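Right, one structure below, let's go through it.
As structure tokens, then:
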């Protein structure tokens, strides 16, 4: 391509630009319910991400025999605090606690001195234990703190949903754009392949892979990604089929713009309305998928906190209401906030798309 062509190729003929984004942001800000839901969701997410700094079984600072220790960041052996064994100190052990809180020594514990896998072997109540001053929301059937499991489970669910949504969005946009832009035989062949792929029994495949491999978030992420992008690609395909006939696309072609530039710099910005509108709903769908599979024992490994695992424990311990009820409330609030955000974003796009 000549220098003149390259010069023309750099001209952005797309009607979508900074003004559109600014109008969209202003339109979303007028959706007060969605705006406050987004703020609340971000606050909860930040609190959950910062969980190791306030929900941990290690003190943030220990002064013992005129020396200062930082157990939150460094592992220490119990022999350093008067213990007998060369093992990592258990700061819930009454003997270790007494050593570091008497004779001028002190320790600064975090607001909730348990993390998502802490087993309080020194609790006097049988498990699952009801809410108390030691465990504000009680413990599950193996003695883990419900509050810590909820906070870490919320964090794991949101992080998993964000990564899954990002990966499926990229795949959906890519394949939908290829189908919609080129059309014809390319569209027909890919559509038949995707229909066959989408017809595979996803749940059965998850069960089969779970029997061959150790369950992990990475395996679950790859399997869900392989199928979850199909629905989004249909919307992107439809947008590309519509927009490829627009005047600005024809003008870009007549000026010698490459297919790559036309697809990604001209058509794509005008085809993102369904992608943005469904984004919060796709996140909530990913959270539900992880929770459902976790409830069935196919999701989060046992050593990691998961909301589905707590619901399964609540089902197995119906008399321990403090397991299922807080989990149900957290899950409901999370999904409700995402739905309100998605509805507000959809309304903003309806006005200024």
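In my numbering, the protein residues as written are 193 to 545.
For each residue, glycine too, the CB sits at the ideal point set by N, CA and C.
Just so we're clear, the structure is a prediction, and the values are computed from it rather than from any experiment.
For the stretch 418-468, the continuous alpha helix (DSSP H) assignments of 4+ residues that do not extend past its boundaries occur at 422-435, 439-446, in sequence order. DSSP, reduced to helix, strand and coil, places residue 297 outside both helices and strands of the structure shown, so it counts as coil. A Cβ-Cβ distance of about 6 Å is found for the pair residue 319 and residue 334, placing them in contact under the 8 Å criterion. Nearest neighbour of residue 265 by Cα position, chosen from 244, 328, 523, turns out to be 244. Excluding the 5 residues flanking it on each side, residue 303 has same chain C-beta neighbours closer than 8 Å at 246, 247, in chain order. Within the same chain, 536, 539, 540 come within 7 Å of residue 223 by CB-CB distance, once the 5 residues on both sides are set aside. The count of Cβ pairs closer than 8 Å, one atom from the stretch 461-474 and one from the stretch 518-528, stays below three, leaving the stretches out of contact. The straight-line gap separating the alpha-carbon atoms of residue 505 and residue 327 is approximately 17 Å.
Annotated as distal: residue 283 and residue 322, with beta-carbon spacing of 8 Å or more.
8 Å or more divides the Cβ of residue 430 from the Cβ of residue 477. In chain order, 340, 341, 344, 497 place their CB closer than 6 Å to the CB of residue 308, counting only its own chain and leaving out the 5 sequence neighbours on each side.
Take residue 398, set aside five residues on each side of it, and the residues of its chain with a beta-carbon closer than 8 Å to its own are 412, 415, 485, 490, in chain order. For residue 255, the enclosing beta strand (DSSP E) stretches over residues 253-256. Looking at the DSSP output, residue 331 shares a beta bridge with 337.
Of all C-beta pairs linking the stretch 525-532 to the stretch 219-237, three or more are shorter than 8 Å, placing the two stretches in contact. Under DSSP, residue 312 forms no beta bridge with any residue.
If you draw a straight line from the Cα of residue 241 to the Cα of residue 285, it is about 27 Å long. Counting the other CB atoms within 10 Å of its CB gives residue 421 a total of 16 or more, which places it among the buried residues. In this chain, the alpha helix (DSSP H) harbouring residue 396 covers 394-404. In this chain, the beta strand (DSSP E) harbouring residue 259 covers 259-261. In the structure shown, residue 304 adopts extended strand secondary structure according to DSSP, grouped into three states. A Cβ-Cβ separation of about 11 Å leaves residue 360 out of contact with residue 467 under the 8 Å criterion. Judged by DSSP in its simplified three-state form, residue 268 adopts coil rather than helix or strand. Here residue 336 is buried. Its C-beta has 16 or more other C-beta atoms within 10 Å. Across the structure, residue 330 and residue 393 are spaced so that their CA atoms are roughly 39 Å apart. If you compare the alpha carbons of 214, 375, 267, 350 with that of residue 249, the shortest gap goes to 267. Where residue 233 is concerned, the enclosing alpha helix (DSSP H) starts and stops at 224-241.
Within 10 angstroms of the beta-carbon of residue 388 lie fewer than 16 other beta-carbons, which makes it exposed.
The alpha-carbon separation between residue 410 and residue 453 amounts to approximately 34 Å. Taken through DSSP and simplified to helix, strand or coil, residue 283 comes out as coil. By the neighbour-count criterion, in which 16 or more other beta carbons inside 10 Å mark a residue as buried, residue 220 falls on the buried side. Comparing alpha-carbon positions, the option among 315, 402, 235, 427 lying closest to residue 383 turns out to be 427.
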